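If you read the sequence shown in the numbering used here, its first letter stands for residue 89, the second for the next number, and so on.
Quick reminder that beta carbons are idealized off the backbone N, C-alpha and C, glycines included.
Remember, it's a predicted structure, so these values are computed and weren't measured experimentally.
Written below as structure tokens is the structure these notes are about.
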Amino acid sequence: QSTGGIPTWGPVSGNVVFPATQVASGDVNILDDYEEGTWTPVIGGVGGESGQTYDIQIGTYTKIGRLVMVFGQVRLTAKGTITGGIAIKGLPFAAAAGQVGPHSLLWVSLATNWVNIIAVLEASDTFMTVYGSSAAATGNITQLATADIGNASRFDLSASYHI
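Okay, here's the thing in structure tokens:
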């Protein structure tokens, strides 16, 4: 049951029931939204992409209030045409204004060697730009380019951010 959009205890003892459509509260101390769903991760470019094919595109998310937790796995079978720096696209919600955060990635079958790879989510974006370090040195980070990935490149990620 829900009264005025505010979650109430459900018919089974101990459950919280949210309305099917969020009824946002003006009170930041009221948890008024919970959602689980899927999203489709894409390996593309900040400037665009076309012709990619995949054998894995798995994405799930949990949204609790303003906090979104995403999990994804994506693997190419053909990289197609990618313009601009490499990005993981298709996040289910845009990041909040002022939100910037690096997230770690697992990477497999890249075309160039990297010591570390991170994905950076910027304010208002629904994609993470991929950066890497090619040597164990401080300040040595560059945005991955089309030449850095191959037809079987794979990224696995887990990230959390505010919307």
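(request) Could you tell me if GLY139 is buried or exposed, where buried requires 16 or more neighbouring beta carbons within 10 angstroms of its beta carbon? (result) For the purposes of this step, residue 139 is taken as residue 51 along the sequence shown, with counting starting at 1. Of the other Cβ atoms in all chains shown, fewer than 16 fall within 10 Å of the Cβ of GLY139; this residue is therefore exposed.
(message) Please confirm whether LEU209 has its beta-carbon closer than 8 angstroms to some beta-carbon of chain B.
(response) The question asks about chain B, but that chain is absent: this structure has only one protein chain.
(message) Quick check on ARG154: buried or exposed, where buried means 16 or more other Cβ atoms within 10 Å of its Cβ?
(response) Within the sequence shown, the letter at position 66 stands for residue 154. Answer is exposed; the Cβ neighbour count stays below 16.
(message) Helix, strand or coil, according to DSSP, for ASP213 in the structure here?
(response) Here residue 213 corresponds to residue number 125 of the sequence shown, with the count starting at 1. In the structure shown, the three-state DSSP call for ASP213 is coil.
(request) Could you tell me which residues DSSP puts in a beta bridge with ILE237? (result) Locating residue 237 in the sequence shown gives position 149, counting from the first residue. Paired residues: LEU198.
(message) I believe ALA112 touches ASP120 by the beta-carbon criterion, under 8 angstroms. Please report the beta-carbon distance rounded to the nearest angstrom.
(response) The count along the sequence shown starts at 1 and reaches residue 112 at position 24. The count along the sequence shown starts at 1 and reaches residue 120 at position 32. Beta-carbon to beta-carbon, ALA112 and ASP120 are separated by about 6 angstroms, close enough to satisfy the 8 angstroms threshold.
(request) Out of GLY186, SER221 and ALA199, point me to the one whose CA is closest to ALA211's CA. (result) Translated into the one-based positions of the sequence shown, residue 211 becomes position 123. Minimum Cα-Cα distance from ALA211 among the listed residues GLY186, SER221 and ALA199 corresponds to GLY186.
(message) Considering only DSSP beta bridges, list what GLN140 is partnered with.
(response) Here residue 140 corresponds to residue number 52 of the sequence shown, with the count starting at 1. GLN140 pairs with nothing; no bridge assigned.
(message) So the candidates are GLY178, LEU209, PRO190 and VAL116; which of them puts its Cα closest to the Cα of THR148?
(response) Start at 1 with the first residue of the sequence shown, and residue 148 comes out as number 60. When only C-alpha atoms are compared, the closest one is GLY178.
(request) Return helix, strand or coil for PHE106, following the three-state DSSP convention. (result) Position 18 of the sequence shown, counted from the first residue, corresponds to residue 106. Here PHE106 sits in coil by DSSP.
(message) Could you give the first and the last residue of the continuous beta strand (DSSP E) run that contains ILE229?
(response) Working through the sequence shown from its first residue, we reach residue 229 at position 141. Counted as a single uninterrupted DSSP element, the stretch harbouring ILE229 is not any beta strand (DSSP E), since DSSP gives it neither H nor E.
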